[in-house]
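First residue of the sequence shown: 1, per this note's numbering; consecutive thereafter. As structure tokens, the structure follows; a few thoughts come after it.
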Amino acid sequence: MFSSISLYSGIEIYQVDNGEIAGYSTTDDWEEACLLKPEAPCMLHSVKIYLKGGEACKDTIWIAQDPTDGNQPPTIWVMHYAAYSRRIFDYTGEGWYEFVVSDAEIKIGGHTRLAILHHCGKGRPGLAYDTEPNGSGGYKNISNYITDVYTPNPNFYNIAGTLMYAAKGHYLCRLMVEYLEDPDNKPSPTMLDVTTNAGLIKTADSTPLKNPMGSVADWNNDGFDDIATAGQFMQNNGDGTFTNVSASIGVKGNYTVWGDIDNDGFIDCFVNGGGLNDLIFYNNGDGTFSKGTNTELQMDHPNVTPLLFDYNRDGYLDIFMACGRRTIAGSEVYFPDQLFKNNGDRTFENVTASAGIEAGEQPAMDCWGASVCDFNSDGWIDVYVNTYRLARDLLYKNNGDGTFSEIGKASGAAGMPTSDPNYFGHGMGSDWGDYDNDGDYDVIVGNLGHPDSRGLVSNPSLVLRNDGFDTEKFTNVTNDARMLFFEMNGGVLFADLNNDSYLDIVHALYSYHQKTSGDVAENHTRFYQNAGPDKDFRMIEKTWEWGADIHGAWVALRTDYDNDGDMDIYVCSGKDNNKLFENQLPESGNWSTIRLVGDIASGMNSLAYGAEVIVSIDDKNYVRSLPGSISNGRTSQSTNAIHFGIGDQSKIDRIMVLWNNQANDVTEIQNPPVNMILKIGKNGLLDMPNKSLISVDKSIIDFGVVNSGEYKEETITITNIGDVEMNISSISIIGTEGDAFAILNETLPTTLAVDQGVGITIGFAPTEKFDYRATLKIESDAGNSTLGNIVIIGKGYEPSGEIAYFGEPIDFGNVLIGESKSIDIELSNIGEAVLEISHTTYPASFAGCFSTPDYLVPVTIAPGETEIIPLAFAPSEEKTYSGNITIHSDAFTEPEFDIFVTGIGEAKKSYIAVGSDEVVFPETNFGETSERDLLITNSGNKDLIISEINFQMDRDSAYKVKDIVYPFAIAPESEETITITFTPIKESVKKTMRIYSDATDFPTKNVKMVGVGVDPNIVIDNDNISEIVLAPNPVNEMAKLEITIADKLIQEIKLSIMDINGKCLKEIDTGILTAGQYSVDLDFGNISAGTYYISDVKNGIYIPIIIE
1 MFSSISLYSG IEIYQVDNGE IAGYSTTDDW EEACLLKPEA PCMLHSVKIY
51 LKGGEACKDT IWIAQDPTDG NQPPTIWVMH YAAYSRRIFD YTGEGWYEFV
101 VSDAEIKIGG HTRLAILHHC GKGRPGLAYD TEPNGSGGYK NISNYITDVY
151 TPNPNFYNIA GTLMYAAKGH YLCRLMVEYL EDPDNKPSPT MLDVTTNAGL
201 IKTADSTPLK NPMGSVADWN NDGFDDIATA GQFMQNNGDG TFTNVSASIG
251 VKGNYTVWGD IDNDGFIDCF VNGGGLNDLI FYNNGDGTFS KGTNTELQMD
301 HPNVTPLLFD YNRDGYLDIF MACGRRTIAG SEVYFPDQLF KNNGDRTFEN
351 VTASAGIEAG EQPAMDCWGA SVCDFNSDGW IDVYVNTYRL ARDLLYKNNG
401 DGTFSEIGKA SGAAGMPTSD PNYFGHGMGS DWGDYDNDGD YDVIVGNLGH
451 PDSRGLVSNP SLVLRNDGFD TEKFTNVTND ARMLFFEMNG GVLFADLNND
501 SYLDIVHALY SYHQKTSGDV AENHTRFYQN AGPDKDFRMI EKTWEWGADI
551 HGAWVALRTD YDNDGDMDIY VCSGKDNNKL FENQLPESGN WSTIRLVGDI
601 ASGMNSLAYG AEVIVSIDDK NYVRSLPGSI SNGRTSQSTN AIHFGIGDQS
651 KIDRIMVLWN NQANDVTEIQ NPPVNMILKI GKNGLLDMPN KSLISVDKSI
701 IDFGVVNSGE YKEETITITN IGDVEMNISS ISIIGTEGDA FAILNETLPT
751 TLAVDQGVGI TIGFAPTEKF DYRATLKIES DAGNSTLGNI VIIGKGYEPS
801 GEIAYFGEPI DFGNVLIGES KSIDIELSNI GEAVLEISHT TYPASFAGCF
851 STPDYLVPVT IAPGETEIIP LAFAPSEEKT YSGNITIHSD AFTEPEFDIF
901 VTGIGEAKKS YIAVGSDEVV FPETNFGETS ERDLLITNSG NKDLIISEIN
951 FQMDRDSAYK VKDIVYPFAI APESEETITI TFTPIKESVK KTMRIYSDAT
1001 DFPTKNVKMV GVGVDPNIVI DNDNISEIVL APNPVNEMAK LEITIADKLI
1051 QEIKLSIMDI NGKCLKEIDT GILTAGQYSV DLDFGNISAG TYYISDVKNG
1101 IYIPIIIE
């Protein structure tokens, strides 16, 4: 059961609890976790929790992301990277506590849960829970946990933080949120699942393909990406559909990567069959492949991630194999990575040792993901290996002489340091791209993580920012980037999904369970949108909004399968099914996609593996590269197409290609067309069709602000930059506000010759104060005709009153029920005409507790003036009131103006405090009486009624309260002194006095009583112990205590063996001793190793002791 109750426009309360308190947790030092997931994405304004029990203290809660997607709570062990906020506060007694976090810009909901963590016990309060069973309907519905976070779990590898239990009810934790989407109306998908319609299904039974790996490659050179997965080869028909050519293609294998290995101009296929089954299938150039005979590649190694790249720039693709592990005779055995140099004749030489790869991986590691890159932009392709089993990641820097140097730790690419300097992450894959558009290549790393104590020694997925080519250093910016931490993170990729020039991220999320397994939460692959420089390139999670739902995927691949200029995503899952998400994101920007053709005669690889492309627009450079086969996790491959989104830019000044050959050839193309797929070779553009191409000098026509009734003109120039005449069928203005805009040309062109340009003049005549928007639509036969859609905007303006409030949100604080408090609201008119305020409205939940005087409305405020309106708060219930009051006026911009107000209705309460938590009496002879006074204070606003005071387990009645008649009252903000008597009949008397009252905070208040009784018949001299020695110390089991008593006085010694917390473990009574030497045998055999001490407070004995 959940509820989402609207308080006021924009802000709502999200709660799961039913509000009826059943109890709270008291288990010492356990962790409470409440997991909340609003139905739709929203921004978190504040968190409210209800605490109960315990003593007044400093307390802490963690507000964090839930890394498990359900089935397990996060723990304190991962808060250093999973927490959004940590709040330390003063716990003063039972009640609600609210924490405002709006400044942190926390986005939750949809598929993303929020975790609220709190430690209970040891005198601290606990989260109150309700009366409704937690987890009814299945294990995946548990959202409230109590976890023993410190005790190793004997049933799970002794890992702490895994002993978790369902809480008895739902914790009273609530969220104040502002929804970004309608919870009751999920938007239509804009990353649309077209898998079935595209024909990506098995031929035999028409069921979707299922496999954790896949690859994208244009194996028939038709310019459209084909897809291979699960042993099925799906050839792109060029019309949005695929044909299964598995029976005819001649390639057999589930896991493939692609490159022109023999450099004959046709892409070949490397099949990772595992160890002795690794094969190369060479392309015959007719749509079929033939199996090679490369036995030198067939090592008995678990090949996990093969990469094709040209490390020595000879034009032939070499092969790097990142190898994993096997279990042999019950033990894990790790296999070293391998590098094979292509000899240029379809044979290979193993150069692992001579190239420095063997020296870089010492000892052998369990390698799962790897990628190629030119991280320092020196023209030599490097290799980055992501290791499993918490080993460091390896960055092999290509030295340009046929050797590599491993610089992972030195560069910061090895991973994020943990509490153990030898432990890092469980690497699953990586991808390279310039996510912050500063001209160098950053890297994202997918790491499988853990939400328990292993989180101290393991990495989440990482965003590592390149500090510059010349530094060869990386900085971990994962927390700034806000890429979410999930336990089952898999492969990862960069792609500019909305063509705004900033690289977005898709991160696969694996699962051990099938989607249909029932009582298990779904692990959704996550889609992130780069928010750009205004938000420090933060990644905004968009999976729910975009509708890209897939469970349990291992890897995601980028491909523009329909060649429409935006990146589509193919996600591979053996736990759901593989899905092709067609990109239909609205408001997508302009783009340029480049397919490179290497010049074999110039020593290049035919696919141009190793090349870099720089796009220049004005003074800004954008970089992309094709370093080799692009693996996004294990044996996988994304498209070879190089894609640039360029946002609102309508032109590109230059494209520069840096080729990966010995001659360092460079190709420059000036003023290329945009919104086209360009094929570029060494000598420039290739296969450019004879087409007209449209160019516009403005991507947006912006009129700015124009007064109502006035008029303004703007002109846009369109030019045919193609090589044939352009035919224009129509030029029009479309859009609901198009009536304010008009085309002023007397005649409009119907054709444009090559290089001919013409100006189109648009007029803007607003009739009211309004934000106008329309589109100038130029329909033509241009090859890039979509550039003919130009946005037109303008602001109509007319004088009006405008309301403003420059104060802080209004906080009435605590107001007693039945009383009233008033705060003046100062409203200003910042407009140019008189502002009239008609009335004020309030949310229904305020129940008439807020009001403004009726005689003040309507109110008129002259331009530039202010008016004071008193707002009164008279609470009727004991609760927190918060929401917006709405000021209604004739203001143009905000006729309904909201001001946030809050106040707490407080019932009269009494609060108890004592002058001291411990009352110490002087040594008192048996039968005699000592007295001590104790001050009791009532800091509340109603009488404190003391119903009883007693002393726990005081069978001898040593302690009494003098001259008290129960019940008695202490007035508000007053104090009362009671007198306590101590009449001992034995030596040491420690008891607890309990004060029972109607105090709100501590209805039972405990005070320690400490007194020492003295037998007057025994003569004791505390200075008469001349020597006391313990040997041996440190001690194993047995030790002797040697005591020397001087003179002839009587001495009584009572020893206590205490732990460091003052707990008495054993008592030893020597009896009464006269002068002389004594030896006392002490047995420590049943006491565990640690630090302790031997004490006799009465005689001043204190001996530290170490037990081994």
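Using N, Cα and C, we set each Cβ at its ideal position, and we do this for glycine too. Remember, predicted model here, so these are calculated numbers, not experimental data.
Flag this pair as yes or no: are the beta carbons of residue i and residue j separated by less than 8 Å?
| i | j | result |
| --- | --- | --- |
| Tyr609 | Ile227 | no |
| Lys725 | Ser692 | Correcting the residue identity first, residue 725 is Glu in this sequence and not Lys. The answer is yes: Cβ separation under 8 Å. |
| Met567 | Ala495 | yes |
| Gly425 | Gly415 | yes |
| Ser828 | Leu871 | no |
| Ile1106 | Asn1033 | yes |
| Ile792 | Phe846 | no |
Leaving out five residues before and five after residue i in sequence, what residues of the same chain have Cβ atoms less than 6 Å from its Cβ?
| i | result |
| --- | --- |
| Gln1077 | Thr1044 |
| Arg465 | Asp442, Thr475, Val477 |
| Glu1067 | Ser1056 |
| Tyr50 | Trp96, Ala128, Leu172 |
| Gly54 | Gly123, Arg124, Pro125 |
| Leu493 | Asp431, Val506, Ala556, Arg558, Asn632 |
With DSSP as the reference, label residue i as helix, strand or coil.
| i | result |
| --- | --- |
| Ile600 | helix |
| Phe846 | helix |
| Asp90 | strand |
| Trp554 | strand |
| Glu867 | strand |
| Leu395 | strand |
| Lys1109 | This structure does not reach residue 1109, given that the chain is present from 1 up to 1108, and the question cannot be answered. |
| Arg454 | helix |
| Ile5 | Low local confidence applies: a pLDDT of 32 at Ile5 is under 50, so the model's placement there is unreliable, with the coordinate-based value given in what follows. Residue state, collapsed to three classes: strand. |
| Ile949 | strand |
| Asp534 | helix |
| Asn1022 | Interpretation of Asn1022 is limited by its pLDDT of 46, a score under 50 that renders its predicted location unreliable; no figure is taken from the coordinates. |
| Pro788 | According to the sequence displayed, residue 788 carries Gly and not Pro. DSSP places Gly788 in helix when its eight states are reduced to three. |
| Glu1122 | With the chain represented from 1 up to 1108, any question about residue 1122 goes unanswered, as that position is not in the structure. |
| Asn489 | strand |
| Glu296 | helix |
| Thr387 | strand |
| Asp17 | coil |
| Ile985 | coil |
Among residues of its own chain, excluding the 5 on either side of residue i, which ones have a beta-carbon nearer than 8 Å to its beta-carbon?
| i | result |
| --- | --- |
| Ser405 | Gly356, Gly360, Tyr396, Lys397, Asn399 |
| Gly1085 | Glu1037, Met1038 |
| Thr243 | Gly199, Met234, Gln235, Asn237 |
Along the beta strand (DSSP E) that carries residue i, what are the first and last residues, could you check?
| i | result |
| --- | --- |
| Tyr81 | Looking at the DSSP string, Tyr81 is not in any beta strand (DSSP E); the run it does join, the alpha helix (DSSP H), is 79-82. |
| Gly759 | 757-764 |
| Ala33 | 30-36 |
| Asn272 | First-last for Asn272: undefined, no H or E at that position. |
| Thr1091 | 1090-1096 |
| Glu612 | 611-617 |
| Arg325 | 325-328 |
| Lys575 | Taken as a continuous stretch (DSSP letters only), Lys575 belongs to no beta strand (DSSP E), as it is neither H nor E. |
| Asn707 | 700-707 |
Locate the alpha helix (DSSP H) running through residue i, then write down its first and last residues.
| i | result |
| --- | --- |
| Thr543 | 543-546 |
| Gly360 | 357-360 |
| Asn479 | 478-481 |
With a CB to CB cut of under 7 Å and the five nearest residues on each side skipped, what residues in its chain are close to residue i?
| i | result |
| --- | --- |
| Glu987 | Val1012, Gly1013 |
| Val1113 | What the structure shows of the chain is the stretch from 1 to 1108, and residue 1113 is not part of that stretch, so it cannot be assessed. |
Original post:
Enumerated in chain order, which unbroken segments of the beta strand (DSSP E) with a length of 3 residues or greater are wholly contained in the region 405-439?
Top reply: Within the region 405-439, the runs of beta strand (DSSP E) that reach at least 3 residues and sit entirely inside it are, in chain order, 426-433.
**OP:** For the region 195-248, list the beta strand (DSSP E) runs that are entirely contained and at least 3 residues long, ordered along the chain.
**Re:** 215-217, 226-229, 232-236, 242-244
Original post:
Considering only residues of the region 140-197, which uninterrupted beta strand (DSSP E) runs meet the minimum length of 3 residues and lie entirely inside it, listed in chain order?
Top reply: Along the length of the region 140-197, whole beta strand (DSSP E) runs at least 3 residues long occupy 144-148, 163-166, 173-179, 191-193, reported in chain order.
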